[in-house]
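K.L.:
For reference, the structure I am asking about is given below.
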Amino acid sequence: MDLRLTGGGGMLWLLLCLLPATGCSRIISQDVAHKERHIHEEVGAETTRPHIYYCRSPNMEDFTCWWHPLDNLTDGEEVSYVLTYSKDKGPKHECPNYVTAGPNSCHFDSSHTSIWKIYCMNVTAVTAHRNYTSQEHCLDVAEIVQTEAPVNLTGTLTDAGGDEMGHNALLSWTYPVPSDLQYGWITLVYELQYRHVTEPDNWKVKHPLREPRVELLGLPVGDYAVRVRCRSHNYGLWSKWSSMLLMSIPARPTAGKLLVLILVTGVGVVALLVITFGIIPQTKRIKEYFLPPIPKPRIIGLDPRLLKGNLDEINHHFSNFHSYRPPRYSEEAWDQVSANDVYLTSLRDRCVPGDPSDREKDTLMVPREQSVSPSCCSPPKAFAAPLDVPSPWPRPEIVSLPGTDYSITVPVSSPSAFPSSHQPQDFYTCVQLTNESGEVHLVPCLPPAYCQFPPFPRAEADAAEREEKKKRSDYQTRKNAMNGMKDGADSDRSEAAVPLLPVAVDNKG
Amino acid sequence: MHTMTVMQRSVWALLLWPYLLTVSIPLDCKEEQGSLSRCPSISQEKLLDRVIHHAELIYRVSEESCSLFEDMFIPFPLRLQSNQAGYACITKALPIPSSKSEIQQISDKWLLHSVLMLVQSWIEPLVYLQTTLDRYDHAPDVLLNKTKWVSEKLVSLEQGVVVLIKKMLDEGTSATTYGEQGLFQYDVLPEMLESVMRDYTLLSCFKKDAHKMETFLKLLKCRQTDKYNCA
Chain A
1 MDLRLTGGGG
11 MLWLLLCLLP
21 ATGCSRIISQ
31 DVAHKERHIH
41 EEVGAETTRP
51 HIYYCRSPNM
61 EDFTCWWHPL
71 DNLTDGEEVS
81 YVLTYSKDKG
91 PKHECPNYVT
101 AGPNSCHFDS
111 SHTSIWKIYC
121 MNVTAVTAHR
131 NYTSQEHCLD
141 VAEIVQTEAP
151 VNLTGTLTDA
161 GGDEMGHNAL
171 LSWTYPVPSD
181 LQYGWITLVY
191 ELQYRHVTEP
201 DNWKVKHPLR
211 EPRVELLGLP
221 VGDYAVRVRC
231 RSHNYGLWSK
241 WSSMLLMSIP
251 ARPTAGKLLV
261 LILVTGVGVV
271 ALLVITFGII
281 PQTKRIKEYF
291 LPPIPKPRII
301 GLDPRLLKGN
311 LDEINHHFSN
321 FHSYRPPRYS
331 EEAWDQVSAN
341 DVYLTSLRDR
351 CVPGDPSDRE
361 KDTLMVPREQ
371 SVSPSCCSPP
381 KAFAAPLDVP
391 SPWPRPEIVS
401 LPGTDYSITV
411 PVSSPSAFPS
421 SHQPQDFYTC
431 VQLTNESGEV
441 HLVPCLPPAY
451 CQFPPFPRAE
461 ADAAEREEKK
471 KRSDYQTRKN
481 AMNGMKDGAD
491 SDRSEAAVPL
501 LPVAVDNKG
Chain B
510 MHTMTVMQRS
520 VWALLLWPYL
530 LTVSIPLDCK
540 EEQGSLSRCP
550 SISQEKLLDR
560 VIHHAELIYR
570 VSEESCSLFE
580 DMFIPFPLRL
590 QSNQAGYACI
600 TKALPIPSSK
610 SEIQQISDKW
620 LLHSVLMLVQ
630 SWIEPLVYLQ
640 TTLDRYDHAP
650 DVLLNKTKWV
660 SEKLVSLEQG
670 VVVLIKKMLD
680 EGTSATTYGE
690 QGLFQYDVLP
700 EMLESVMRDY
710 TLLSCFKKDA
720 HKMETFLKLL
730 KCRQTDKYNC
740 A
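From first to last, the protein sequence lines are chains A and B.
So for the first sequence, the numbering used here puts the first residue at 1; every next one is plus one.
So for the second sequence, the numbering used here puts the first residue at 510; every next one is plus one.
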């Protein structure tokens, strides 16, 4: 019993291993047998028996099948083919139409086509001797739907100008049998492939496409091959490829882009010219518009028109100031200056009310500045020192700080000219110090020791006179220049003020 | 000894089960290029998909035909609203569920049978409609082609539903000729004297019924995948 057990167990284990293998291999072998038979059939189809090799339905409403005929026919032997089919293992029928699709074909029209059942068919070659029956071929009509290939594939470049990247191309095609597509019986989906002609295997794919057109963007310059195919959305197989379209993308920019460039350049040049000749000459006016000039200083209550002619008003206004002396405007009086006794003559003349008769020839005419009341005499400061700047005709009120350009009037003891009782403010002040920041330190001017005049050497009288004249003229020009710097309308007023300013001219002036 | 034989047989049975499986259960339908398909018939899912495709197209084209007819032949005050002409439809006598709750409660079997009833009732009236439209003076070709196409596809749909019933419900095709019940009679609508109004009513009713067919079939499909989540 043990031996039987072990023997039986061993056999059992052996069978255990073998049976599943056998079972699986049976499955495999079935397939292999099928395939072998299939291949065998294909190879030997022409010889031994006919073989249905291709069935196709273009629109799911009818279909056609083709078979390979017998090949090992002796000459003169007649053969006819009979195709029989059945639907879902129903009764057998014969092919309704052997003619429409050509020789060795069978065409099933719409009344014989059903998409609800599977067709199984075989074809029999009937010869005089014997019949050869092909292998059974089964099909589902919806599965063998292969739509027609698209036609009229055309490409147009959409952007005329193009850019460095290349052009855009719009590709469109049509389906050759539009009646299949009406009512939505077949809904097509397309696939487009394109490649550069220099790259034979690098197909770029556009899928899925619902519309029979597509725009390819940014195609680089070059030549392209394009093809398209279609398929029913729900059923069936891809159609054959459409005929290949060769498209070339041009390189040079087209006229449109050049035109734009020229136009822009022209407009730019014209604008530049307009600016150069139209606006630049007007810069002064524009500058005045945007940066208006600083208005002239105005004293409130004082009409500028009065300044031109009405000095009494001015004097009245200014009389409030402490040390203001109203200037006397008179014609220029030329004092005679004798060559010999310049110093003394002038002094005498000054102190005595002018007697023009004395002023005769052989005397230098020196223009006299404005003079205030000649009540006091003071030695002329003009000849204060050879090094010193010649000062204006002496007036008791005018003093000048040595070494500076400024002169002041010294408050005189006789207050005749000044009816004012209060002295709120000095009309004139002197600058004592100037800070670095530009501030000035004003002090009432002090009377310098102006009554000392060094004797004027006679020998240098001529030179001194010439020098004095030169300096005076220099000063005049400087004064005029100073006047000119101010506003032109103020010249009269400044003339009133200027005589009180130093006539002394620097050596460097 | 006894146990040994029992054990042996059971082991044999166990070992042989894959072999049995491979023989008894047919192989899956291979979707090869139309050759060597060993399936005896088309699968149920595919059939249902194709039937639904038919029903959708039929409904859409019938809707287009109805609006075309309306625009061409019916003056505006006489146009039917969607809820008005139900009483005049020829299929009003059929035991077909109409409300949403009814439809949800109905079984798959009755869904299919309702669809079949509807389809078979309409085959003949559509043929009649085609002949009347041909007699019109100004009927456009578009309208004629559409109605022709619809009647053809309706016949195809009937075939499909029959096959589907046979597959899903394992029933025979013996009792499925509802069309012979004579629903469509010329004197059903005596008040519709004008042939135009009669045709218009026919088209509208067919449009409604086509929509019903489509709805039933889609509900059926929904139930195949997700039984409890279908509206």
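Glycine residues also receive a C-beta, built at the ideal position from the N, C-alpha and C atoms.
#1: Taking the beta strand (DSSP E) that A:Y224 falls in, what are its first and last residues?
#2: Among all the DSSP beta bridges, which residues are the ones paired with A:Q146?
#3: Could you check which residue in A:I275, A:N234, A:L272 and A:L83 has the C-alpha nearest to that of A:V145?
#4: Just to confirm my understanding: we take A:I118, look at its own chain, exclude 5 residues before and 5 after, and list those with CB closer than 8 Å. What are they?
#5: Note down the Cα distance separating B:L666 from B:A564, rounded to an integer number of angstroms.
#6: Is there a Cβ of chain B sitting closer than 8 Å to that of A:K240, yes or no?
#7: Looking only at its chain, what residues have a beta carbon closer than 8 Å to the beta carbon of B:I473, apart from the 5 residues adjacent to it on each side?
#8: What's the C-alpha gap between B:L635 and B:L627?
#9: For B:L556, which residues in chain A fall below 7 Å Cβ to Cβ?
#10: Kindly list, in the order they appear in chain B, the residues whose Cβ is closer than 8 Å to that of A:D223.
#11: Determine which residues of the segment 164 to 192 of chain A have a Cβ less than 9 Å from any Cβ of chain B, and write them out in chain order.
#12: Could you say which of A:H317, A:E215, A:P250 and A:G256 lies nearest to A:D223 if we only look at CA atoms?
#13: Which residues does DSSP list as the beta-bridge partners of A:H137?
#14: Which of the three DSSP states, helix, strand or coil, is assigned to A:K87?
#15: Taking C-beta pairs closer than 7 Å, name the residues in chain A that B:L635 reaches, listed in chain order.
#16: Just mark A:R57 as buried or exposed, buried being the case when its beta carbon has 16 or more other beta carbons within 10 Å.
#17: Among residues of its own chain, excluding the 5 on either side of A:K204, which ones have a beta-carbon nearer than 8 Å to its beta-carbon?
#18: Which bits of chain E does B:W658 rub up against, with CB to CB less than 9 Å?
#19: With DSSP run on the structure shown, which of helix, strand or coil describes A:I52?
#20: Within 8 Å (strictly less), CB to CB, does A:N234 reach chain B?
#21: Between the beta-carbon of A:V82 and the beta-carbon of A:T127, is there less than 8 Å?
#22: Compare the C-alpha of B:I612 against each of B:M722, B:V672 and B:D735 and name the closest.
#23: In this structure, does DSSP put A:A251 in helix, strand or coil?
#24: Looking at chain A, which residues of the segment 661 to 677 of chain B have a Cβ within less than 7 Å of any of its Cβ atoms?
#25: Which residue from B:T512, B:R732, B:E554 and B:H647 puts its Cα closest to that of B:L577?
#26: Report the rounded CA-to-CA distance for A:Y175 versus B:I605, giving the unit in angstroms.
#27: Tell me, please, which residues DSSP counts as bridged to A:Y194.
#28: Which residues in the same chain have their Cβ closer than 6 Å to the Cβ of A:H207, if we skip the five residues on either side of it in sequence?
#29: Which of the three DSSP states is assigned to B:N738 in this structure?
#30: Under the three-state reduction of DSSP, which class applies to A:Y81: helix, strand or coil?
#31: Are A:D62 and A:T113 close, meaning C-beta to C-beta below 8 Å?
#32: Can the beta-carbon of A:M244 be found closer than 8 Å to that of A:R227?
#33: Just the Cα atoms here: how many angstroms apart are A:A417 and A:H322?
#34: Going by DSSP, what residue range makes up the alpha helix (DSSP H) through A:L70?
#35: Assuming the contact rule is C-beta atoms closer than 8 Å, A:T48 and A:Y132 should be a hit. Round their C-beta distance to whole Å, please.
P.N.:
Quick look at the numbers:
#1: The count along the first sequence starts at 1 and reaches residue 224 of chain A at position 224. That run of the beta strand (DSSP E) goes G222 to S232.
#2: In the first sequence, residue 146 of chain A corresponds to position 146, counting from 1. According to DSSP, A:Q146 bridges with A:L237.
#3: Here residue 145 of chain A is taken as the residue at index 145 of the first sequence, counted from 1. The residue with the shortest Cα to Cα distance from A:V145 is A:N234.
#4: Within the first sequence, residue 118 of chain A is the residue found at index 118, counting from 1. These residues qualify, in order along the chain: K87, D88, C138, L139 and D140.
#5: In the second sequence, residue 666 of chain B corresponds to position 157, counting from 1. In the second sequence, residue 564 of chain B corresponds to position 55, counting from 1. Going by the C-alpha atoms only, they are around 7 Å apart.
#6: Along the first sequence, one-based indexing puts residue 240 of chain A at 240. No, its Cβ sits nowhere closer than 8 Å to a Cβ of chain B.
#7: Given that chain B is displayed from residue 510 to residue 740, the structure contains no residue 473 of chain B and the question cannot be resolved.
#8: In the second sequence, counting from the first residue as 1, residue 635 of chain B sits at position 126. In the second sequence, counting from the first residue as 1, residue 627 of chain B sits at position 118. Pairing B:L635 with B:L627, the inter-Cα distance amounts to about 12 Å.
#9: Residue 556 of chain B sits at position 47 when you count from the first residue of the second sequence. For the C-beta of B:L556, the chain A residues within less than 7 Å are, from N- to C-terminus, W116.
#10: Position 223 of the first sequence, counting from 1, holds the residue named residue 223 of chain A. What A:D223 touches in chain B: nothing, since even the nearest Cβ is about 35 Å away.
#11: Q182, Y183, G184 and W185
#12: Within the first sequence, numbered from 1, the residue matching residue 223 of chain A stands at position 223. The shortest Cα separation from A:D223 among A:H317, A:E215, A:P250 and A:G256 belongs to A:P250.
#13: Counting from 1 along the first sequence, the entry for residue 137 of chain A is found at position 137. Note: A:H137 sits in a beta bridge opposite A:M121.
#14: Within the first sequence, the letter at position 87 stands for residue 87 of chain A. A:K87: strand per DSSP, three-state reduction.
#15: Mapped onto the second sequence, residue 635 of chain B falls at position 126. Within 7 Å Cβ-Cβ: nothing; B:L635 doesn't reach chain A, min ~15 Å.
#16: Counting from one through the first sequence, the residue named residue 57 of chain A turns up at place 57. According to the sequence displayed, residue 57 of chain A carries Ser and not Arg. Under this definition A:S57 is a buried residue.
#17: Locating residue 204 of chain A in the first sequence gives position 204, counting from the first residue. The answer, listed in chain order, is Q193, Y194 and R195.
#18: Absent from the structure: chain E. Protein chains present are A and B.
#19: Translated into the one-based positions of the first sequence, residue 52 of chain A becomes position 52. Residue state, collapsed to three classes: strand.
#20: Locating residue 234 of chain A in the first sequence gives position 234, where the first residue counts as 1. Yes, A:N234 counts as interfacial toward chain B.
#21: Indexing the first sequence from 1 puts residue 82 of chain A at position 82. Indexing the first sequence from 1 puts residue 127 of chain A at position 127. No, the Cβ-Cβ distance between A:V82 and A:T127 is not below 8 Å.
#22: Stepping through the second sequence from its first residue, residue 612 of chain B is reached at position 103. Cα-wise, what sits closest to B:I612 is B:M722.
#23: Stepping through the first sequence from its first residue, residue 251 of chain A is reached at position 251. Assigned with DSSP and collapsed to three states, A:A251 falls in coil, not helix or strand.
#24: Q668, G669 and V672
#25: Locating residue 577 of chain B in the second sequence gives position 68, counting from the first residue. Selection B:T512, B:R732, B:E554 and B:H647 evaluated against B:L577 yields B:H647 as nearest (Cα-Cα).
#26: Sequence index remark: in the first sequence, residue 175 of chain A carries index 175 (1-based). Sequence index remark: in the second sequence, residue 605 of chain B carries index 96 (1-based). Between A:Y175 and B:I605, the C-alpha separation is close to 42 Å.
#27: Counting from one through the first sequence, the residue named residue 194 of chain A turns up at place 194. Partner residues in the beta bridge of A:Y194, as assigned by DSSP, are A:K204 and A:V226.
#28: As a first step, residue 207 of chain A is located in the first sequence; it is residue number 207 there, counting from the start. Close CB contacts of A:H207 within its chain, under the 6 Å cut and outside five residues either way in sequence, are with E191 (chain order).
#29: Here residue 738 of chain B refers to the residue found at position 229 of the second sequence. Coil at B:N738, not helix or strand.
#30: What you label residue 81 of chain A is simply residue 81 of the first sequence in a count that begins at 1. If DSSP states are grouped into helix, strand and coil, A:Y81 belongs with the strands.
#31: Looking up residue 62 of chain A in the first sequence gives position 62. Looking up residue 113 of chain A in the first sequence gives position 113. Yes; because the gap between Cβ atoms is below 8 Å, this pair is in contact.
#32: Walking along the first sequence from the start, residue 244 of chain A turns up at place 244. Walking along the first sequence from the start, residue 227 of chain A turns up at place 227. Yes.
#33: Stepping through the first sequence from its first residue, residue 417 of chain A is reached at position 417. Stepping through the first sequence from its first residue, residue 322 of chain A is reached at position 322. With a pLDDT of 43 at A:A417, under the threshold of 50, the modelled position of this residue cannot be trusted; read the value that follows with caution. Rounded to the nearest angstrom, the two C-alpha atoms are 11 Å apart.
#34: In the first sequence, residue 70 of chain A corresponds to position 70, counting from 1. Where A:L70 is concerned, there is no enclosing alpha helix (DSSP H), given that its DSSP letter is neither H nor E.
#35: One-based indexing of the first sequence puts residue 48 of chain A at position 48. One-based indexing of the first sequence puts residue 132 of chain A at position 132. Going by Cβ atoms, the distance from A:T48 to A:Y132 rounds to 7 Å, so yes, they are a contact pair.
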